[in-house]
Structures are given as structure tokens and as C-alpha cells.
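Trainee: Chains as they are written, first to last, in the numbering used here: chain A, 3 to 518; chain B, 3 to 518. Once you've had a glance at the structure underneath, I'll fire off some questions.
There are 2 protein chains.
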Amino acid sequence: MQIQHHYRETGLNERHQHLLTFKNLHIDTNQELVVFMPASCHVCKSEGFQALTRVTVSLNDKSIIAALNVTNDGLLAEGEISLSESAAKKMAVQDGDLLSVSHTGPLRSIAHVRAKLYGSVLDQQAYHEIIRDIVDEKYSNIFLSSFVSACSGNNMSIEEICYLTSAMIHAGNRLYWEKGVIADKHCIGGLPGNRTTMIVVPIIASLSIMIPKTSSKAITSPAGTADTMGVMTNVNLSIEEIRKVVEKENGCIAWGGAVKLSPADDLIIRVEKALDIDSEGQMIASILSKKAAAGSTHCVIDIPIGSTAKVRSMDNAVQLALKLKEVSEFLHIKSQIIFSDGSQPVGYGIGPALEARDVLDVLQNKPDAPKDLSEKSIRIATELVHLAWDMPKDAAQEIVTTKLKSGEAFKKFIAICEAQGGFKEPGKARYTKTIEADFTGTIHEINNRKTAQVAKLAGAPDTPEAGVDFRIQLKEKVESGQPLFTIHANSPGELEYAYEYYKNNSQDVIKYLINE
Amino acid sequence: MQIQHHYRETGLNERHQHLLTFKNLHIDTNQELVVFMPASCHVCKSEGFQALTRVTVSLNDKSIIAALNVTNDGLLAEGEISLSESAAKKMAVQDGDLLSVSHTGPLRSIAHVRAKLYGSVLDQQAYHEIIRDIVDEKYSNIFLSSFVSACSGNNMSIEEICYLTSAMIHAGNRLYWEKGVIADKHCIGGLPGNRTTMIVVPIIASLSIMIPKTSSKAITSPAGTADTMGVMTNVNLSIEEIRKVVEKENGCIAWGGAVKLSPADDLIIRVEKALDIDSEGQMIASILSKKAAAGSTHCVIDIPIGSTAKVRSMDNAVQLALKLKEVSEFLHIKSQIIFSDGSQPVGYGIGPALEARDVLDVLQNKPDAPKDLSEKSIRIATELVHLAWDMPKDAAQEIVTTKLKSGEAFKKFIAICEAQGGFKEPGKARYTKTIEADFTGTIHEINNRKTAQVAKLAGAPDTPEAGVDFRIQLKEKVESGQPLFTIHANSPGELEYAYEYYKNNSQDVIKYLINE
Numbered sequence: 003m004q005i006q007h008h009y010r011e012t013g014l015n016e017r018h019q020h021l022l023t024f025k026n027l028h029i030d031t032n033q034e035l036v037v038f039m040p041a042s043c044h045v046c047k048s049e050g051f052q053a054l055t056r057v058t059v060s061l062n063d064k065s066i067i068a069a070l071n072v073t074n075d076g077l078l079a080e081g082e083i084s085l086s087e088s089a090a091k092k093m094a095v096q097d098g099d100l101l102s103v104s105h106t107g108p109l110r111s112i113a114h115v116r117a118k119l120y121g122s123v124l125d126q127q128a129y130h131e132i133i134r135d136i137v138d139e140k141y142s143n144i145f146l147s148s149f150v151s152a153c154s155g156n157n158m159s160i161e162e163i164c165y166l167t168s169a170m171i172h173a174g175n176r177l178y179w180e181k182g183v184i185a186d187k188h189c190i191g192g193l194p195g196n197r198t199t200m201i202v203v204p205i206i207a208s209l210s211i212m213i214p215k216t217s218s219k220a221i222t223s224p225a226g227t228a229d230t231m232g233v234m235t236n237v238n239l240s241i242e243e244i245r246k247v248v249e250k251e252n253g254c255i256a257w258g259g260a261v262k263l264s265p266a267d268d269l270i271i272r273v274e275k276a277l278d279i280d281s282e283g284q285m286i287a288s289i290l291s292k293k294a295a296a297g298s299t300h301c302v303i304d305i306p307i308g309s310t311a312k313v314r315s316m317d318n319a320v321q322l323a324l325k326l327k328e329v330s331e332f333l334h335i336k337s338q339i340i341f342s343d344g345s346q347p348v349g350y351g352i353g354p355a356l357e358a359r360d361v362l363d364v365l366q367n368k369p370d371a372p373k374d375l376s377e378k379s380i381r382i383a384t385e386l387v388h389l390a391w392d393m394p395k396d397a398a399q400e401i402v403t404t405k406l407k408s409g410e411a412f413k414k415f416i417a418i419c420e421a422q423g424g425f426k427e428p429g430k431a432r433y434t435k436t437i438e439a440d441f442t443g444t445i446h447e448i449n450n451r452k453t454a455q456v457a458k459l460a461g462a463p464d465t466p467e468a469g470v471d472f473r474i475q476l477k478e479k480v481e482s483g484q485p486l487f488t489i490h491a492n493s494p495g496e497l498e499y500a501y502e503y504y505k506n507n508s509q510d511v512i513k514y515l516i517n518e
Numbered sequence: 003m004q005i006q007h008h009y010r011e012t013g014l015n016e017r018h019q020h021l022l023t024f025k026n027l028h029i030d031t032n033q034e035l036v037v038f039m040p041a042s043c044h045v046c047k048s049e050g051f052q053a054l055t056r057v058t059v060s061l062n063d064k065s066i067i068a069a070l071n072v073t074n075d076g077l078l079a080e081g082e083i084s085l086s087e088s089a090a091k092k093m094a095v096q097d098g099d100l101l102s103v104s105h106t107g108p109l110r111s112i113a114h115v116r117a118k119l120y121g122s123v124l125d126q127q128a129y130h131e132i133i134r135d136i137v138d139e140k141y142s143n144i145f146l147s148s149f150v151s152a153c154s155g156n157n158m159s160i161e162e163i164c165y166l167t168s169a170m171i172h173a174g175n176r177l178y179w180e181k182g183v184i185a186d187k188h189c190i191g192g193l194p195g196n197r198t199t200m201i202v203v204p205i206i207a208s209l210s211i212m213i214p215k216t217s218s219k220a221i222t223s224p225a226g227t228a229d230t231m232g233v234m235t236n237v238n239l240s241i242e243e244i245r246k247v248v249e250k251e252n253g254c255i256a257w258g259g260a261v262k263l264s265p266a267d268d269l270i271i272r273v274e275k276a277l278d279i280d281s282e283g284q285m286i287a288s289i290l291s292k293k294a295a296a297g298s299t300h301c302v303i304d305i306p307i308g309s310t311a312k313v314r315s316m317d318n319a320v321q322l323a324l325k326l327k328e329v330s331e332f333l334h335i336k337s338q339i340i341f342s343d344g345s346q347p348v349g350y351g352i353g354p355a356l357e358a359r360d361v362l363d364v365l366q367n368k369p370d371a372p373k374d375l376s377e378k379s380i381r382i383a384t385e386l387v388h389l390a391w392d393m394p395k396d397a398a399q400e401i402v403t404t405k406l407k408s409g410e411a412f413k414k415f416i417a418i419c420e421a422q423g424g425f426k427e428p429g430k431a432r433y434t435k436t437i438e439a440d441f442t443g444t445i446h447e448i449n450n451r452k453t454a455q456v457a458k459l460a461g462a463p464d465t466p467e468a469g470v471d472f473r474i475q476l477k478e479k480v481e482s483g484q485p486l487f488t489i490h491a492n493s494p495g496e497l498e499y500a501y502e503y504y505k506n507n508s509q510d511v512i513k514y515l516i517n518e
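Pasting the structure below:
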């Protein structure tokens with residue numbers, strides 16, 4: 003006697019395809035790929051498709067996996083199907099095209115996420131499969147949320163953080179360099195105006211140390227380094243262009259987004275922000291995967307500590323530093339972690355053009371250049387030289403300071419800008435409004451987040467000239483009537499809107515002590 | 003000297019409201035509440051709203067919390083806003099209405115989910131806050147996913163399962179009864195045609211034991227008990243109507259969905275299904291919260307075990323049984339867990355009307371009534387009487403059997419139907435097709451899921467008369483040409499579609515051994 007089995011055939015037959023007619027509803031669901039089908043659809047019924055089911059949608063040889071959204075609103079007739087803008091774009095589908103849909107077999111990598119939730123420690127292979135599927139956009143938001151949740155808190159061992167990081171590196175593009183020192187720097191965010199990169203890079207490059215720097219644009223802040231650099235030159239460089247610039251000038255400051263180093267990061271961060279879950283592991287993987295993908299061998303990481311900065315206590319900073327150190331060792335990156343004051347903005351300007359002006363003033367040693375920005379830049383550059391050359395810090399500080407004061411760093415910065423496509427002067431905003439102190443006293447507290455908010459209301463970073471020119475510092479004695487800061491905007495409306503917000507929150511933006 | 007603080011004012015001011023004009027895009031996002039705003043929107047920019055941000059949308063005194071979907075497709079102009087169908091319905095908003103939007107402060111209960119992810123054990127209060135917010139629809143899909151993930155696997159202590167269960171009970175409606183025995187039964191799903199409820203309830207009620215049964219409708223199966231009962235009488239009873247029926251007849255069989263016992267359950271199950279995460283804790287809370295909310299004091303829970311049933315091994319069944327026992331004790335419910343054969347469908351019919359016919363045949367003691375269904379019903383009723391009256395099982399079985407065989411149970415069933423709105427005969431499908439064996443041999447395996455799939459393709463449960471009349475059993479010897487089952491449908495298309503699926507999967511639906 004024999005047992006009948008026809009798994010392969012039935013496997014295929016089960017996935018025998020249903021054809022539905024595409025109708026574009028122009029629904030933008032952000033990055034998530036979504037397919038819309040009417041509840042009346044016989045395919046939904048027969049295949050047991052339900053809201054949130056993951057469905058494979060195919061047209062000719064192209065196919066995507068999308069989350070199903072069952073519509074009951076008559077937007078779609080029986081036999082019709084629609085896709086979110088992102089999905090329709092990916093498929094290059096036209097109204098009337100016949101799409102085939104089928105159940106999507108369970109993603110292998112979801113089993114890893116489940117295992118993680120069940121308490122197992124995942125291996126390198128598992129993280130590679132998960133990140134691969136995320137980059138291939140096979141994860142719907144609820145899957146991403148489940149993964150982020152599984153990895154949140156302190157649920158990841160240091161090995162797992164290492165595996166996640168290397169998985170994120172391999173899922174994106176990479177820069178390769180001849181052997182030798184490739185310098186890099188990073189600052190944990192949260193501090194307005196903290197634009198040391200554009201001063202550190204030319205100093206280091208002028209010392210003939212290679213520093214191919216990629217930076218990010220603002221997501222929630224008034225400016226990212228790439229936004230600020232963007233008002234002075236082109237930052238949208240390809241991997242080849244980065245190579246050319248660095249071979250010529252030893253350094254560059256390019257937008258990382260253009261070269262897709264660690265693309266998984268953006269997708270994960272989006273859900274983390276929404277969940278307001280801070281995963282130390284994810285943060286470390288996010289930072290170091292980009293450094294490693296850029297080919298860095300030596301990296302200084304600055305952790306500003308402050309009640310309104312990203313890292314709020316020395317304890318957290320120390321924990322984070324230890325793990326950053328371990329993971330960078332795993333990646334063969336020599337790293338130096340430094341702690342800095344995160345209690346107030348750095349420099350005067352907040353917003354791309356205003357920050358660019360500060361950078362240029364420091365590089366040109368102008369008398370009224372912001373000292374805190376120049377000092378912090380010298381400190382980071384010193385640490386980097388100390389790290390790269392294993393040179394005593396005082397000696398390192400001396401040559402770094404010389405490079406800046408002699409104007410060589412400025413020359414190098416201009417040369418880098420020229421190599422990236424030409425230097426242009428930062429613009430100026432059309433409208434300004436200066437806020438003066440209505441008190442006499444001592445500045446007691448400055449809220450980084452709310453200060454940044456004023457700059458964003460004024461139009462930064464979309465309007466590069468917009469922002470806030472912040473002229474006071476902690477512990478500074480202020481006379482009534484003395485200028486505190488100036489709002490810059492290109493429209494009266496934005497100027498007014500930013501000012502109104504400040505008025506409503508003034509005591510939260512700046513706290514002061516009345517002098518007796 | 004003094005430190006200036008104006009938290010309350012600034013708190014209010016910060017939430018100072020932005021007005022946007024509503025434009026209905028008729029986008030159905032299923033249960034999730036979603037708000038659509040254009041990326042160009044100054045509110046998005048200034049408030050830092052981003053995709054997935056949770057936003058409070060208000061119109062007059064009504065307000066909801068919705069997940070933000072930023073659109074770039076020109077569907078909305080600057081100053082315009084839209085809501086998903088579910089959200090628009092909740093707000094009863096019209097085109098042109100001015101909606102105000104503001105940032106939603108972090109949900110307190112999300113901190114509990116985060117704590118759970120960080121490994122803490124949550125207390126009763128925490129679960130109450132989480133479930134309250136879920137029922138108030140304050141959780142977007144990614145929050146639900148995070149909660150389900152946090153509670154998945156074996157991450158919940160038995161105390162936590164108890165807390166979750168009581169939180170789910172308190173978040174919904176409840177039935178209250180005079181002191182005394184309130185009997186109930188439950189069957190862990192996954193078995194087609196398993197309609198014991200409509201036989202057990204009249205038997206128990208005819209013994210003057212109160213059994214106010216609420217049942218569910220099919221989600222992914224060809225029929226739920228409420229669907230099957232629905233072809234013979236009205237199941238859409240209010241709490242008051244349930245009370246009336248039960249006071250008159252001692253029992254009822256009503257649709258639980260209509261009385262919103264444990265409403266959190268539906269919202270959680272939807273995401274669990276999508277994630278394909280089975281949380282034992284969630285399943286137990288789901289089952290027992292509904293029993294407790296219905297006021298049950300004594301409950302028999304049947305766990306069918308089979309490779310294509312929900313519970314696949316005796317090990318899993320025992321683990322589940324122990325926890326069900328503990329949690330029901332916590333809820334002061336006397337429970338009896340029984341294991342049964344889950345290797346094949348129960349009865350002949352699969353689909354509302356066909357199952358109803360089986361039920362009526364058993365109740366009327368027709369010679370060709372399905373024996374397995376009648377025996378299983380007698381077993382469950384016996385356990386229930388044994389539990390309720392603490393009576394020896396053989397004695398209990400005797401009176402139970404008498405009630406059924408004497409026709410009293412049938413009389414009681416008709417009386418219950420009359421009390422619920424009148425009895426009607428189940429209908430018959432317009433088209434049928436009988437599948438005959440193309441082999442001579444012994445039935446070796448029957449796949450519950452694929453058999454159910456054939457019934458669903460035929461139109462069940464939406465077409466109550468549709469389904470499958472399944473005439474063979476495991477280990478049965480079959481002659482070539484002998485009828486295996488008959489497909490019932492109300493349209494030739496559905497009949498054909500179901501038949502085609504069977505043809506393509508025949509060896510998966512029924513496996514047999516060729517006789518030597």
C-alpha cells in the first residue's frame with residue numbers, strides 16, 4: 003500500500019493566481035506598501051485574505067509584498083484592486099493593468115523576530131535575514147514594530163548589537179579605501195547649532211589624514227550637517243564623486259542619504275520614533291553601521307549630556323560609551339568617546355545659513371566668531387589626531403590649533419567645497435525680529451528642543467536662511483532690553499508664527515534668575 | 003531671587019490649536035483611525051508632525067486620537083485635512099468642517115508596554131490602563147503590535163494573564179445574574195462543523211440549569227456558532243433581551259458581538275493574526291474574559307487536538323489546560339477542561355445551514371443524524387452537569403442522554419428559538435455537486451483547514467446555505483465511485499470555484515491508503 007502525496011503540485015496550485023484590474027486611488031501611505039481590495043472581492047473571501055494580511059502582488063515579472071487594506075466604501079468594485087502610491091510606483095502599474103495576487107508565505111525572518119520575543123538570542127544569520135527583508139520592504143509597519151519592540155530596551159546582548167550592525171552594513175552600499183587611516187567623527191544629536199564637522203574635517207584633511215565624511219539631513223531638527231553644508235556647496239555626491247573629492251582634498255562633507263549607506267536604518271528609525279521606544283542597540287547599530295559602511299578606521303564620538311539633549315545623564319552616557327566602544331572594536335574601528343556639555347546650543351546660529359555663517363567665521367578666525375564652536379571643534383580634531391597618530395594630546399592640540407588659526411583649515415574647506423561643485427556664500431533671510439530681555443537677571447536654563455522649535459517655525463531647514471540667531475549663554479548676566487536672539491524668516495507669516503510660539507513659551511525656552 | 007516657572011500656561015499654549023478644513027477622501031483603513039495631512043501643511047512642519055505621529059483631532063466637543071499619514075500626492079491642499087472612514091464616522095464630520103489638530107501627549111499606558119518590553123512584570127493597574135486605552139482606540143496598529151509582541155510567547159506570568167483577563171472583563175459590558183449556577187461551555191476553535199453548543203444548551207436548560215450562551219461569528223472559518231444559530235432564529239440580542247430569554251427558558255444562544263463582552267479582544271486578535279503570533283496569555287484572556295463577562299460560574303472547555311486543529315499536540319493541550327484552570331479559579335469560575343479528537347470535522351455539514359440541519363437531526367434523534375456530533379454533545383453536557391451538580395458522571399450522562407433522546411432537548415431548543423424571535427427552517431442551496439472517490443482504499447487523513455477552504459469558496463458563511471456536506475470519516479473504507487462529499491452553493495460560479503480548488507488540492511484535502 004502507498005500514501006498519496008502531491009505536495010509540490012498542490013503547493014503550486016494553491017498559489018494559482020487570481021487576476022484583478024488595477025485602479026489607482028492615489029493613496030499615499032508613506033513608505034509602507036499597501037494593497038487595497040474590496041471586501042466583496044471573491045479572492046479575499048476564497049483565500050481568506052483579511053485586513054493586514056501580507057499579499058504578493060505581481061505584474062509580469064515584477065512583484066511586491068504589501069499589507070492588505072480591505073475597503074468597504076465602494077471605492078473599488080468587485081474584481082478591482084489598488085495600490086498605495088509607493089507600491090504603484092514600485093510596480094510601475096497603469097490603470098487597467100491586470101495584477102495577480104496570492105498569499106505570501108510566512109517570511110522566514112519573522113520566525114527569528116518571534117524567537118527573539120520568546121527570549122532566544124539571535125545569531126548573525128538571523129539578523130542578516132531580518133535586515134535583508136526589511137531593506138527589501140517585506141516588513142509591514144506592524145512587523146517593523148514587532149522587531150523594534152523585540153530589540154528594545156536592553157533586550158540585545160552586545161553580540162547581538164554587533165550582528166545587527168554588521169547586517170545593516172551589508173544591506174547597503176559601502177566605501178572602500180586603500181589601507182591606512184580613514185578618520186571619522188559623530189555627534190549624538192539633540193544639540194542645535196552643533197556644527198563642528200565643517201571645521202573638524204578641513205583641519206584633519208589639511209593634516210593629510212583622509213576623512214570622507216557623510217552626514218545626515220534634518221529629520222526633526224532645524225538643520226542637519228548636510229543641510230548646513232548644502233547652503234555652501236553641493237552635498238549630493240555619488241560614491242564615485244566622494245572618491246574623487248577625497249582623493250584630491252583628503253576630505254569631503256557629503257549627504258549620506260544620497261549614497262544609501264545602511265538603508266535599513268531609516269525604515270527602523272521611523273517606527274522607533276513613532277513608538278517612542280529608544281533602543282540602545284538600534285542606536286549603536288545605526289551610528290556605527292554608517293561609519294563602517296563609509297570605510298572608517300578611526301572615529302571620535304561626541305556624547306553631549308544635558309537635560310534637553312538626547313543623552314540626559316552621565317550614567318546613560320557611560321553605559322552608551324562602553325557599548326559603542328565594544329561594537330566599534332568588533333568592527334575594527336578605533337574609537338574615542340568624549341562627553342561634552344549638552345545644556346545649551348553651540349554657536350550662535352540655529353538653521354542652515356546661520357550655522358554656515360558661524361562655521362565660516364570660526365574658519366576665518368573672525369573676532370566675533372562663536373568661541374564655544376571653535377573650542378569644541380579643536381577638541382574633537384585634537385582627539386582625532388591623537389587617535390589617528392597616537393600622538394600626545396597637547397602636541398595634537400597644538401598642530402590642530404595652528405591649522406585653524408593659520409587659515410589653512412579655511413583654505414582646505416574652500417577647496418573641498420570647490421571639489422564638491424563650487425563654493426557659494428550662505429544667503430540672508432528677508433525678515434528678522436529681535437527679541438529683547440524683559441528682565442534683568444542671569445540665564446538659568448536654555449531648552450534645546452523649544453529653541454529648535456522656534457527655528458523650525460521660522461522655516462528651517464526647508465528655508466535655509468531661516469532660523470534663530472541665539473546670542474546668550476548659560477550663567478550670562480542680562481540687562482533688561484538686551485537682545486536675547488533674532489528670528490530670521492523669509493515670510494512675515496513664518497516670522498510671526500515663530501514669534502507667537504516663543505511668546506507663548508518664553509518661560510520654557512529661557513529660564514532666568516532675577517538678580518536681587 | 004526666584005526661578006520663573008509657568009508650566010501650566012505654557013502647557014496649554016503649546017497645545018494651542020490649529021484649524022484645518024476637512025475634505026473626505028473616503029479612505030477605509032479598517033479599524034485603525036488615521037488622519038491625512040499634506041506634507042506642505044504648516045502645522046506638520048511647525049509641530050514637527052511626521053508620518054505615524056499620534057495626533058489629537060477635534061471638532062467641537064468630539065475628539066479622537068489618530069495616526070498621521072502625511073500625503074505628498076496633491077490629494078490635499080495646504081490647510082486641508084482628511085480622516086479615514088472609521089475616524090470620519092466617529093467624528094461625524096462633513097466636508098468643509100474646521101478640525102483642530104494638536105500633538106497627543108504620550109499615552110501613560112505606553113510606558114507600561116515599554117516597561118514590559120524592558121522585562122518588568124506589570125501589575126493589575128497597568129493592564130487596566132493599557133486595555134482601557136485600546137478599547138478607547140488610542141492605540142495605532144504599531145502600538146497594538148508592540149503590546150502584542152510584549153505579551154507574546156511565554157512572556158506573561160500567570161498573574162499577568164489574570165490581570166489582563168480582568169482588565170478585558172472590566173473594559174466591556176457584563177451580564178449579572180442572581181446567585182446560583184450559571185453554566186457555560188467553550189471549544190478552542192479550528193474544527194469544522196463542531197456545533198455542539200446548540201445541542202448542549204437545550205439539554206442543560208431543560209435541566210433547569212441557567213446557560214446564557216454567547217457565541218461568535220466566523221472570522222476565518224466557514225461558520226461560527228452564531229452564524230449557524232442565525233439561520234434558525236435571531237441571534238442579535240441586547241443584554242436585556244438575553245436576560246428575558248434566559249429568565250423564560252433558562253438558556254439562549256446569542257451573538258456575543260452584539261453585546262460587546264470584552265471588546266478589546268477583537269482589536270488585539272486582528273493584530274495577532276497579522277503577526278501570526280500566538281500568545282497563550284492573550285488566548286486565555288480572550289476566552290475567559292468573555293465567560294466571566296457573561297456571568298458564568300461553571301464552564302466546560304473542550305480542547306480538540308489534531309495536526310490541523312488549533313492545538314496540535316497533547317503537550318500544548320496540557321500546558322494550556324493548566325493555565326486555563328488557574329485563571330478561571332482566579333475569576334471564581336469552576337472549570338472542567340476536556341480533550342477531544344481534533345483530527346477531522348465533526349458532523350456532516352460544514353457551513354451555517356448544513357450544520358443547522360445536523361443539529362436539528364441530532365435533536366430530533368433522526369436515524370441518519372451524525373453520531374459523532376451527538377456523542378460529543380452528550381459528553382460535554384455530561385461534564386457540565388457533573389460540574390454544576392457535583393453529580394457522578396454516569397448518573398449525569400444518564401439524565402443528559404434521556405433529555406436528548408426523549409426529545410425534551412429539541413422542545414427546549416425550539417422554545418429558545420421562539421423566545422429569541424421565532425424558529426425558521428434552515429434553507430437549502432440552489433446548486434450542488436457531489437465528489438466521488440476515484441480510488442478504493444481507506445481514509446488516512448482529513449485536512450480541517452483545506453476542507454473548510456472548500457466550504458468558504460462555495461460561499462460560506464456569507465451565503466448560509468453554502469458549504470460542504472462531508473460524508474466520510476477517518477479509517478473508513480471507501481469504494482471507487484462512492485460519494486465523498488457534496489459541495490453546496492447558490493451560484494454556479496462559486497460551485498465551480500470551490501470544485502476547482504478541491505481538484506487542485508484533492509490529495510491535500512483527503513489522503514487515503516490504497517488497499518492492497
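Note that CB positions come from ideal geometry on N, CA and C, so glycine has one too.
Check the Cβ-Cβ distances between residue 56 of chain A and every residue of chain B, and say whether any is below 9 Å.
Mentor: For this step, residue 56 of chain A is matched to residue 54 along the first sequence. At least one chain B Cβ lies under 9 Å of residue 56 of chain A.
Trainee: Can you list the beta strand (DSSP E) stretches of 3 or more residues lying completely in the segment 151 to 217 of chain A, in chain order?
Mentor: As far as the segment 151 to 217 of chain A is concerned, its whole beta strand (DSSP E) runs of at least 3 residues are 185 to 189 and 213 to 217.
Trainee: Does DSSP put residue 370 of chain B in a helix, in a strand, or in coil?
Mentor: Position 368 of the second sequence, counted from the first residue, corresponds to residue 370 of chain B. Correct three-state label for residue 370 of chain B: coil.
Trainee: Per DSSP, what kind of secondary structure is residue 451 of chain B in: helix, strand or coil?
Mentor: The residue given as residue 451 of chain B occupies position 449 in the second sequence. It is helical.
Trainee: Quick one: Cα of residue 17 of chain A to Cα of residue 59 of chain A, how far?
Mentor: In the first sequence, counting from the first residue as 1, residue 17 of chain A sits at position 15. In the first sequence, counting from the first residue as 1, residue 59 of chain A sits at position 57. Per-residue confidence for residue 17 of chain A stands at a pLDDT of 39, beneath the threshold of 50, marking its modelled position as unreliable; no derived number is given.
Trainee: Can a CB atom of chain A be found closer than 9 Å to the CB of residue 105 of chain B?
Mentor: In the second sequence, residue 105 of chain B corresponds to position 103, counting from 1. With 9 Å as the cut-off, residue 105 of chain B does not count as an interface residue toward chain A.
Trainee: What does a CB cutoff of less than 7 Å around residue 7 of chain A pick up in its chain, not counting 5 residues either side in sequence?
Mentor: Residue 7 of chain A sits at position 5 when you count from the first residue of the first sequence. Note that residue 7 of chain A has pLDDT 34, beneath the 50 cutoff, so the model's placement of it is unreliable and no number is given.
Trainee: Can you have a look at residue 507 of chain B and say buried or exposed, based on whether 16 or more other CB atoms are within 10 angstroms of its CB?
Mentor: By 1-based counting over the second sequence, the position of residue 507 of chain B is 505. Result: buried.
Trainee: Taking Cβ-Cβ distances below 8 Å as the criterion, which residues of the segment 261 to 281 of chain B are in contact with chain A?
Mentor: 272, 273, 275, 276, 277, 278 and 279
Trainee: Is the CB of residue 222 of chain A under 9 Å away from at least one CB in chain B?
Mentor: Position 220 of the first sequence holds residue 222 of chain A. By this cut-off, residue 222 of chain A is an interface position.
Trainee: Determine the extent of the alpha helix (DSSP H) in which residue 39 of chain B is found, giving its start and end residues.
Mentor: Within the second sequence, the letter at position 37 stands for residue 39 of chain B. It is not in any alpha helix (DSSP H) - residue 39 of chain B instead sits in the beta strand (DSSP E) that spans 36 to 40.
Trainee: Against chain B, which members of the segment 139 to 171 of chain A pass a CB distance test of less than 8 Å?
Mentor: 142, 143, 144, 145, 146, 147, 148, 150, 151, 152, 154, 155, 156 and 157
Trainee: Apply the 10 Å Cβ neighbour rule to residue 3 of chain B and answer buried if 16 or more other Cβ atoms are within range, or exposed otherwise.
Mentor: Along the second sequence, read from residue 1 onward, the residue named residue 3 of chain B stands at position 1. Residue placement at residue 3 of chain B is poorly supported in this model, since its pLDDT is 33, which falls under 50; the coordinates are not used for a value here.
Trainee: For residue 123 of chain A, is the classification buried or exposed, using 16 other Cβ atoms within 10 angstroms of its Cβ as the cut-off for buried?
Mentor: Within the first sequence, the letter at position 121 stands for residue 123 of chain A. By the neighbour-count criterion, in which a residue is buried when 16 or more other Cβ atoms sit within 10 angstroms of its Cβ, residue 123 of chain A is exposed.
Trainee: Please classify residue 279 of chain A: does DSSP put it in a helix, a strand, or coil?
Mentor: Along the first sequence, read from residue 1 onward, the residue named residue 279 of chain A stands at position 277. In the structure shown, residue 279 of chain A sits in coil (DSSP, three-state: anything other than H, G, I, E or B).
Trainee: Strictly below 9 Å CB to CB, what residues from chain A border residue 121 of chain B?
Mentor: Numbered from its first residue, the second sequence carries residue 121 of chain B at position 119. Residues of chain A passing the Cβ test: 155, 156 and 157.
Trainee: Can you list, in chain order, the residues of its chain with a C-beta nearer than 6 Å to that of residue 191 of chain B? Leave out the 5 residues immediately preceding and following it.
Mentor: By one-based count along the second sequence, residue 191 of chain B stands at place 189. Cβ neighbours of residue 191 of chain B beyond the five flanking positions: 312.
Trainee: Return the CA-CA distance between residue 471 of chain A and residue 461 of chain A, expressed in angstroms with no decimal places.
Mentor: Here residue 471 of chain A refers to the residue found at position 469 of the first sequence. Here residue 461 of chain A refers to the residue found at position 459 of the first sequence. Their Cα atoms are separated by approximately 13 Å.
Trainee: Any beta carbon of chain B sitting closer than 9 Å to that of residue 87 of chain A?
Mentor: Locating residue 87 of chain A in the first sequence gives position 85, where the first residue counts as 1. By this cut-off, residue 87 of chain A is an interface position.
Trainee: Using 8 Å as the cut-off, can you tell me whether the segment 432 to 439 of chain B makes contact with the segment 479 to 495 of chain B, which would need three or more C-beta pairs spanning the two stretches below that distance?
Mentor: yes
Trainee: 9 Å is my cut-off, CB to CB: does residue 74 of chain A come that close to chain B?
Mentor: The residue you call residue 74 of chain A lines up with position 72 of the first sequence. Yes, residue 74 of chain A counts as interfacial toward chain B.
Trainee: Output the residue ranges of the alpha helix (DSSP H) runs that lie fully inside the segment 90 to 151 of chain B and measure 4 residues or longer, sorted by chain position.
Mentor: 110 to 119 and 126 to 137
Trainee: Determine whether the Cβ of residue 71 of chain B lies closer than 9 Å to any Cβ atom of chain A.
Mentor: Translated into the one-based positions of the second sequence, residue 71 of chain B becomes position 69. At least one chain A Cβ lies under 9 Å of residue 71 of chain B.
Trainee: Assuming residue 2 of chain B and residue 378 of chain B make a contact with CB atoms under 8 Å, what is their CB distance in whole Å?
Mentor: Residue 2 of chain B is absent from the model: chain B starts at 3 and stops at 518.
Trainee: Following a CB-centred definition, is residue 260 of chain B positioned closer than 8 Å to any heavy atom of the ligand HEM?
Mentor: In terms of ligand content, the structure shown is empty, and the ligand HEM therefore cannot be addressed.
Trainee: Please determine if the segment 414 to 426 of chain A and the segment 240 to 256 of chain A are in contact, where contact requires at least 3 C-beta pairs separated by less than 8 Å.
Mentor: Verdict: yes, contact present.
Trainee: Thinking just about the alpha-carbon of each residue, which of B:458, B:165, B:28 and B:221 is nearest to the one in residue 328 of chain B?
Mentor: For the purposes of this step, residue 328 of chain B is identified with residue 326 of the second sequence, where counting begins at 1. The shortest C-alpha separation from residue 328 of chain B is found at B:165.
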